[in-house]
Amino acid sequence: MSQSLLAAPATATGRVGVQFIPPTNPSTPIRNLQLNLDGTGAVSAAVNVDASVDGGAHWATLYTVNLAGTNTDSQLDAVRLEGLWVSFNITAISGTGAAVTATLG
C-alpha cells in the first residue's frame, strides 16, 4: 500500500510535504520512495529529500534527485525513513505544467 507524501503535486520551488514517517514493522524497515515529474514537453526538476529528527526545526538533506524528460520522469529508491520527519525541497522546476509527486510504499 502506497501513501502520498504531498497533499498536492508541487509546481513551484520550496519545501513541501512535511510529514512524520511512523515506525513500521521492524523486520521490514526498508520502503520504496518514488518521485515522479509530469508535464507537457520538456520538463525538469531538482528535489532534495530532507529529514529531521526534531519536527522540522532543523533539516538535513539525505540526497538530491534530478528529474528530466519529455512529459515525464521518475526515480524509485529503497529508503529507511522510519521515525523521521521528511520533506521535499524543490530547488528547481521547469516546463509546461511541470509537477512533482512523491509516494512511499
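Numbering-wise, the sequence shown is residues 13 to 117 according to the numbering used here.
Glycine is no exception: its CB is placed at the ideal position from the N, C-alpha and C atoms.
Please read these numbers as outputs of a predicted model, since none were measured by experiment.
Look at the alpha carbon of residue i and the alpha carbon of residue j, and state the distance between them as a whole number of angstroms.
{"i": "residue 60", "j": "residue 115", "result": "15 Å"}
{"i": "residue 55", "j": "residue 36", "result": "34 Å"}
{"i": "residue 24", "j": "residue 73", "result": "19 Å"}
{"i": "residue 110", "j": "residue 20", "result": "13 Å"}
{"i": "residue 96", "j": "residue 62", "result": "10 Å"}
{"i": "residue 39", "j": "residue 117", "result": "15 Å"}
{"i": "residue 81", "j": "residue 69", "result": "34 Å"}
{"i": "residue 102", "j": "residue 49", "result": "11 Å"}
{"i": "residue 41", "j": "residue 94", "result": "7 Å"}
{"i": "residue 64", "j": "residue 71", "result": "5 Å"}
{"i": "residue 53", "j": "residue 83", "result": "5 Å"}
Taking all protein chains shown into account, decide if residue i is buried (16 or more other Cβ within 10 angstroms of its Cβ) or exposed.
{"i": "residue 22", "result": "buried"}
{"i": "residue 104", "result": "exposed"}
{"i": "residue 57", "result": "buried"}
Report back the beta-carbon spacing between residue i and residue j to the nearest angstrom; my notes put them in contact at under 8 Å.
{"i": "residue 51", "j": "residue 113", "result": "With 8 Å as the limit, residue 51 and residue 113 do not qualify as a contact, their Cβ atoms being about 12 Å apart."}
{"i": "residue 27", "j": "residue 106", "result": "Not a contact, Cβ separation roughly 18 Å."}
So with Cβ pairs under 7 Å, would you call residue i a contact of chain C?
{"i": "residue 38", "result": "The structure shown contains no chain C; it is built from a single protein chain."}
Within the segment 20-60, note down every full beta strand (DSSP E) run reaching 3 residues or more, in order along the chain. Counting only runs of 3 or more, we get 26-33.
Taking contact to mean 3 or more Cβ pairs, one atom from each stretch, closer than 8 Å, check whether the segment 31-39 and the segment 70-85 are in contact. In short, these stretches do not touch, since the Cβ pair count stays below three.
Report yes or no: do the segment 42-62 and the segment 82-96 share at least 3 C-beta pairs separated by less than 8 Å? Output reads yes: the segment 82-96 touches the segment 42-62.
Write down every uninterrupted run of the alpha helix (DSSP H) in the segment 58-115 whose length is 4 residues or greater and which is fully enclosed by it, in chain order. Given a length threshold of 4 residues, the segment 58-115 has no whole run of the alpha helix (DSSP H) inside it.
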